[in-house]
Amino acid sequence: MVRQRQPPQGRRAERGADRRTARAAASAEGGLIVLEPLPADLDLDQAADNWGSAYGDRDGLRAIIGELFRTQRPQPWGNYLARRDGEAVGLCAFKAPPADGAVEIAYGTFPPVQRQGVAQAMAAGLIEIARGRGVVLVVAHTLPEPNTSNRILARLGFSFAGDAEDPDDGHVWLWQRPA
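Listed below in structure tokens is the structure:
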């Protein structure tokens, strides 16, 4: 489980981020992973400045954030910043709102925290969010080769569903699991 911060509403929106949280998960290296919804009007350059040192490459991070925000999606189906002990450790997202009861997830950790359980905690958090909103199937695409992401998905109960063509990524492997 991952702690999810709720987007601010009403008067709370005027005062800043809502600090209520739902659930939490520990990464393999310890520490609580918190998913913070990113606002649709996020200043991409400021975000890259703020988190660039944690990522290790400000311009590379700026490109990733720009890609995440290429298409606007309403929360909870948008983008999230993952923090561990207050530090930015990754980004994750739903690629689109659910369609026919299914939703696709995407996640990536910042290089300094790879192989510490952060990606698995982020993916688990997205699954939990989807389950709580009536989604029945969660899917993910990976590079069509054995890799860490495949192992993460298998540990989370995903099954390999075959090869697929993604409009953005080309040939991928398709993974799916019940929400």
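According to the UniProt record's numbering, the sequence shown holds residues 1 to 179 in order. Backbone N, C-alpha and C define an ideal beta-carbon position, used for all residues, glycine too.
Exercise. Cα-Cα, which of Asp166, Arg133, Val135 is closest to Pro144?
Worked result: Taking the sequence shown and counting its residues from 1, one reaches residue 144 at position 144. If we check each option's Cα against that of Pro144, Asp166 comes out closest.
Exercise. When you compare only the Cα positions, how much space is there between Ala161 and Pro39?
Worked result: Along the sequence shown, read from residue 1 onward, the residue named residue 161 stands at position 161. Along the sequence shown, read from residue 1 onward, the residue named residue 39 stands at position 39. Going by the C-alpha atoms only, they are around 33 Å apart.
Exercise. Can Pro111 and Arg133 be called in contact, C-beta distance under 9 Å?
Worked result: Translated into positions along the sequence shown, residue 111 becomes position 111. Translated into positions along the sequence shown, residue 133 becomes position 133. Contact: no.
Problem set entry | Beta-carbon gap between Tyr80 and Leu32 smaller than 9 Å | The sequence position of residue 80 within the sequence shown is 80, counting from 1. The sequence position of residue 32 within the sequence shown is 32, counting from 1. With respect to Leu32, Tyr80 sits apart: the two C-beta atoms are not nearer than 9 Å.
Problem set entry | Secondary structure of Gly52, DSSP reduced to three states | In the sequence shown, the residue the question calls residue 52 occupies position 52. Gly52: helix per DSSP, three-state reduction.
Exercise. Which runs of the beta strand (DSSP E), 3 residues or longer, sit entirely within the UniProt domain "N-acetyltransferase" (33-179)?
Worked result: 79-84, 87-94, 102-109, 137-142, 159-166, 170-178
Exercise. Run through DSSP, which three-state label would Ala22 get?
Worked result: If you number the sequence shown from 1, residue 22 lands on position 22. Confidence is the limiting factor: at Ala22 the pLDDT is only 34, short of 50, which leaves the residue's position unreliable, though a coordinate-based value still follows. Coil at Ala22, not helix or strand.
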